[in-house]
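Notes to accompany the following structure.
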Amino acid sequence: MAPFSQPPVSETPVSQTSAFQAHASQVRGDAPPPDSPAQLLELYSPGLPFTWPELQSMAADGVLTQLYQHGYTVPGTAASPQLRARAAAHGVPAPVRRRVVAGRMTAAWIYGCAREPDRLALLVDAKRRVSSLRSTRGCTLHEVRLGPFDVVSLGGLMVSSPLRTALDIALHVDTERAVPALRLLLAKPELDVRLRLLVLAVEAMPRLPHKNAALEKLALLASPAVARGPVDVEHPVDPPYSTEHVAEVLGVAHLEGEL
């Protein structure tokens, strides 16, 4: 007869608890045990090594700071655009993540130019089938046309380029929220957003809804030396930045329908 033996006991709860304690002590500045495998991560989300309740508990204790929804960071971690994009990506179902583009005020937040959005604004290229995306929760979908230079990849998520983001905000976001975000987008040299290109892009669309309202928002951003009229621009446009070129690069001749 085979000797009696007990089935092995799962060590998952113990190991998870140990990892939780090791991470917590390391974040607090305590020295973790010498044999601890704990390594601080840049972004924590539900799964491994911690569950959603554990992350909430660590945030309540001040061990972690909530960055966006289910994304947490160690206090003092600089929130870069890549990190914000990674946090936002966790709010998009994995099956549709490669089919949508974070845009508008969500993209402005990713670039550090707006407050954290209550709902993710996701752009869907009009050439794609969108029927399967309608049930996406916690997100607002906008069907648009996207040009070849309208999208960048950040932190595993596709995001509208800074210039396309500014254009969409001018066109589709109310003045109270749009103007502060646009001002910050224009103020960050690394984003390379120029007011005159935005004005040209809007003017290039002859039958665009909200065109006049967008131009009025942009006029609020012009300095007195530049704005002599509603949408006047001080300097002539360089040849590479003709109206046609701006329209082509931005993909501005687009039709939109909210889903």
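Heads up, the sequence shown is in full-length UniProt numbering, so the first residue is 1 and it goes up one at a time. We put the beta carbon where it would ideally sit given N, CA and C, even for glycine.
C-alpha gap between residue i and residue j, whole angstroms
i           : j           : result
residue 260 : residue 112 : Residue 260 is absent from the structure shown; the chain starts at 1 and stops at 259.
residue 126 : residue 189 : 31 Å
residue 90  : residue 70  : 7 Å
residue 79  : residue 86  : 11 Å
residue 142 : residue 161 : 16 Å
residue 53  : residue 62  : 14 Å
residue 214 : residue 205 : 12 Å
residue 122 : residue 114 : 16 Å
residue 55  : residue 45  : 8 Å
Cβ shell of residue i (< 7 Å), same chain only, five flanking positions each side left out
i           : result
residue 88  : 68, 102, 106, 110, 120 and 157
residue 154 : 81, 82, 85 and 110
residue 198 : 166, 167, 170 and 218
residue 116 : 68 and 109
Residue range of the alpha helix (DSSP H) that includes residue i
i           : result
residue 179 : 175-187
residue 198 : 195-203
residue 84  : 81-89
Same chain, Cβ closer than 8 Å to residue i, five either side skipped, listed in chain order
i           : result
residue 43  : 67, 71, 72, 73, 83, 86 and 87
residue 65  : 59, 72, 73, 74, 75 and 77
residue 35  : Bear in mind that a pLDDT of 43 at residue 35, under 50, signals an unreliable position, so the number given afterwards is only what the model happens to contain. Result list for residue 35: empty, nothing under 8 Å.
residue 185 : 108, 111, 113, 162, 165, 166, 169, 191 and 193
residue 183 : 221
Counterpart residues of residue i in DSSP-defined beta bridges
i           : result
residue 139 : 120
residue 125 : 144
residue 101 : 123
residue 44  : 72
Span of the beta strand (DSSP E) around residue i
i           : result
residue 157 : 157-160
residue 73  : 71-73
residue 67  : 65-68
residue 153 : 151-154
6 Å Cβ shell around residue i - same chain, five flanking residues per side excluded
i           : result
residue 216 : none
residue 151 : 101 and 158
residue 140 : 119 and 121
Tell me whether the segment 145-157 and the segment 170-184 touch, counting them as touching only if at least three CB pairs, one residue from each stretch, are closer than 8 Å.
Touching, no, given that fewer than three Cβ pairs across the two stretches are closer than 8 Å.
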